[in-house]
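What follows is a set of notes on a single structure, which appears directly below.
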Amino acid sequence: MAGGKETPRQRMIGMMYLVLTALLALQVSNQILQKFVLINDGLERTSKNYVQKNLFSVNIISSTVEQQGNNKVDIPKVEAAKEIRQKSAELVSYLEEAKTKLIEESNAIDDQGNFKSSALKNVDIPGNLFNNNRLGYDMQEKLNEFPEELEQILAGLNIDMSFERIAKNADEIDLFKNDVDVNFKDYVNLNYVKSPIGAVLAIISQHQNEVLNIESEALTAITNSLGSFIFEADKLKARIAANSNVVAAGTTFEAEMFLASSSSSTELKMTADGREITVEEGFGQIKFPVAPASNYDDRGLAARSLKGEITVPIGGEDSVFTIDYDYFVAQPVIKVSSEVVNQLYAECANDLVIEVPALGNTYAPNFSVSGGQAVKGSRPSDVTIIPAASGKVVIGVSSGGNKIGSVDYDIKPVPDPSIIPYNGDRKIDLQNSTPVNGLLNLQIRAVPEPTFGRTMPRDANFEVTAGEVRLVRNDVPRESVAISGQNIAVRNLLAQAQSGDRLVVIVKEVTRTNFRGSKIKSAVNEVFPIPIK
Numbered sequence: 008m009a010g011g012k013e014t015p016r017q018r019m020i021g022m023m024y025l026v027l028t029a030l031l032a033l034q035v036s037n038q039i040l041q042k043f044v045l046i047n048d049g050l051e052r053t054s055k056n057y058v059q060k061n062l063f064s065v066n067i068i069s070s071t072v073e074q075q076g077n078n079k080v081d082i083p084k085v086e087a088a089k090e091i092r093q094k095s096a097e098l099v100s101y102l103e104e105a106k107t108k109l110i111e112e113s114n115a116i117d118d119q120g121n122f123k124s125s126a127l128k129n130v131d132i133p134g135n136l137f138n139n140n141r142l143g144y145d146m147q148e149k150l151n152e153f154p155e156e157l158e159q160i161l162a163g164l165n166i167d168m169s170f171e172r173i174a175k176n177a178d179e180i181d182l183f184k185n186d187v188d189v190n191f192k193d194y195v196n197l198n199y200v201k202s203p204i205g206a207v208l209a210i211i212s213q214h215q216n217e218v219l220n221i222e223s224e225a226l227t228a229i230t231n232s233l234g235s236f237i238f239e240a241d242k243l244k245a246r247i248a249a250n251s252n253v254v255a256a257g258t259t260f261e262a263e264m265f266l267a268s269s270s271s272s273t274e275l276k277m278t279a280d281g282r283e284i285t286v287e288e289g290f291g292q293i294k295f296p297v298a299p300a301s302n303y304d305d306r307g308l309a310a311r312s313l314k315g316e317i318t319v320p321i322g323g324e325d326s327v328f329t330i331d332y333d334y335f336v337a338q339p340v341i342k343v344s345s346e347v348v349n350q351l352y353a354e355c356a357n358d359l360v361i362e363v364p365a366l367g368n369t370y371a372p373n374f375s376v377s378g379g380q381a382v383k384g385s386r387p388s389d390v391t392i393i394p395a396a397s398g399k400v401v402i403g404v405s406s407g408g409n410k411i412g413s414v415d416y417d418i419k420p421v422p423d424p425s426i427i428p429y430n431g432d433r434k435i436d437l438q439n440s441t442p443v444n445g446l447l448n449l450q451i452r453a454v455p456e457p458t459f460g461r462t463m464p465r466d467a468n469f470e471v472t473a474g475e476v477r478l479v480r481n482d483v484p485r486e487s488v489a490i491s492g493q494n495i496a497v498r499n500l501l502a503q504a505q506s507g508d509r510l511v512v513i514v515k516e517v518t519r520t521n522f523r524g525s526k527i528k529s530a531v532n533e534v535f536p537i538p539i540k
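50 is the number that our numbering gives to position 43 of the sequence shown; each next residue is one higher, with no gaps.
Here's what the structure looks like:
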């Protein structure tokens, strides 16, 4: 943008503008249009970072001039920096209003705040708004006046600096100037006529970036022209400041790499939100637990601001540099995974996976349980909950000593098993008579309810442990044998049996062996006949 050799950032901005402009000539799919939305989001985040950086630059210019005794040569530079910031803010706001107008006229956003795919593909509304209604031509004029105005402000400070035009016609762009199919188009027809809304939003956001970048270069030039005080920077550290340390696949990672410096001969005092922090070799160490917010927005985020102060002794007096850092607190949503997550079975080993995705790798959970017990699993997020006999279980979740929240569940009683007779591995049909030789391997099984048996296999071990089997003829009991386990010794009964007799099964007790190996006995009263032929 500025005269001389371009920086990597300038080349990147120029290249992105060319890519966006070239894509407008293509018939794009819904996927590509969605990528335009992601690009637009990234550009808007970059703009917000630029604004913070430029505000900081203006404050640095003002505080430096004051700390250096308000040199009469430098005083006008403070007002010039503020004027540049104001012009930039007004132009960025104007561009934001243009995006808002485009979104409103196209009804591009649904009730949930998401872009509609059908609206993103619309190519008629941008042409009508920016060409027919002349908004694009007004925008071009304002965009191209901005660098000229900054050149004049800098010239008044004896700073020789030039910037390229922002809103160019096709014949001013190297990619298009030799292309006879495009080079006749002006700025508006090149960018907005027959262009989908998703791409137009990204183009305008890119212009906001360019405006803020030119502002940044102008403020840097003013900063570099100021007089200086002696501050021996003999401690250096390389740093990277990213727009976000969470990056979605398919988007662009953006960050600034810079060299931070401090002085070992100068004793610095630093505070964060009024609390004094440790200073190691000139660099402040900020570390504090983040308390949950009282209110979160619909994205699950709560805005916070950190105010920092650095006190530097300059010329025998303490000078204070301030910085405001905005960040967001993400709502820590507790996510529980389990096949029995809606209710927990009483006095059983309910295996749960309790996670807080927002905490990422910092998640170091501890679980407290009211109405039961907790046993840690092999992974930090794994826990086994053993509820009491009835009521509710409340599981408190904390991480690193900070309470996250709690989840609660109703306690569900263990469902009764079904009592089913078998001959070996074959279920006996009680509706029809069974031959005597079909009962030689009689078993009375306690079969768990299907869902309980599938989800709680360690607790679903049932056995019939008390009862009897009677041989009944003409409704008169003849002989009986006791039930003390699954297999029943009925050979003596069957030896006396005649066609038309019945074996009447009376089950009085079922025992369940739980995950600890403990025996839990339950009284039952289950009676059914097995007809014999």
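Backbone N, C-alpha and C define an ideal beta-carbon position, used for all residues, glycine too.
- For E179, no alpha helix (DSSP H) run applies, since DSSP gives it neither H nor E.
- Minimum Cα-Cα distance from K94 among the listed residues M146, L157, F122 and R452 corresponds to L157.
- The alpha carbon of A371 has as its nearest neighbour, out of S100, G379, G378 and R386, the alpha carbon of R386.
- Contact between N61 and L226 holds: CB atoms are separated by about 6 Å, below the 8 Å threshold.
- For P424, DSSP assigns no beta-bridge partner whatsoever.
- V99 counts as buried, since no fewer than 16 other beta carbons sit within 10 angstroms of its beta carbon.
- Within 10 angstroms of the beta-carbon of R433 lie fewer than 16 other beta-carbons, which makes it exposed.
- For P442, the closest of L510, S388, I427 and I490 by C-alpha to C-alpha distance is L510.
- DSSP lists S425 as the beta-bridge partner residues of V454.
- The segment 209-216 makes no contact with the segment 177-196; the number of CB pairs closer than 8 Å stays below 3.
- Three or more pairs of CB atoms, one per stretch, sit closer than 8 Å, so the segment 357-376 contacts the segment 397-414.
- Residue range N468 to R480 is occupied by the beta strand (DSSP E) that includes E470.
- In the DSSP assignment, V401 falls within the beta strand (DSSP E) that extends over K399 to S406.
- I392 and L359 do touch by the CB rule: their CB atoms are close to 6 Å apart, below 8 Å.
- Burial check for L313: the Cβ neighbour count within 10 Å stays below 16, so the residue is exposed.
- A Cβ-Cβ separation of about 41 Å leaves I527 out of contact with S506 under the 8 Å criterion.
- Within the same chain, Cβ atoms closer than 7 Å to the Cβ of F535 are found at L437 and V512, the five residues on either side in sequence being excluded.
- Around the beta carbon of V297, fewer than 16 other beta carbons sit within 10 angstroms, so the residue counts as exposed.
- Straight through space, the alpha carbons of P457 and E470 are spaced by roughly 16 Å.
- For Q159, the enclosing alpha helix (DSSP H) covers residues L142 to A162.
- Using a C-beta cut-off of 8 Å, the segment 101-119 makes contact with the segment 139-152, since at least three inter-stretch Cβ pairs fall below that distance.
- Between I341 and F328, the C-beta spacing is not below 7 Å.
- As computed with DSSP, Q493 is found in no beta bridge at all.
- For the set K276, D280 and S301, the Cα lying nearest the Cα of G291 is the one of K276.
- Residue pairing by DSSP places F290 opposite E287 in a beta bridge.
- By the neighbour-count definition (other C-beta atoms within 10 Å, threshold 16), A206 is a buried residue.
- For N216, the closest C-alpha among the options S54, R498 and N47 is that of S54.
- Nearest to N444 by alpha-carbon distance, out of N499, L150, N151 and N165, is N499.
- Look at I435 here: in three-state DSSP terms it is coil, with no helix or strand label.
- Judged by DSSP secondary structure, T369 falls outside any alpha helix (DSSP H); it is assigned neither H nor E.
- Counting C-beta pairs with one atom in each stretch, the segment 477-490 and the segment 375-386 have fewer than three that are closer than 8 Å, which means they do not touch.
- Of the candidates D331, V187, P133 and R519, R519 places its Cα closest to the Cα of F459.
- In terms of CA proximity to L197, N138 leads the group S525, D415, N138 and N532.
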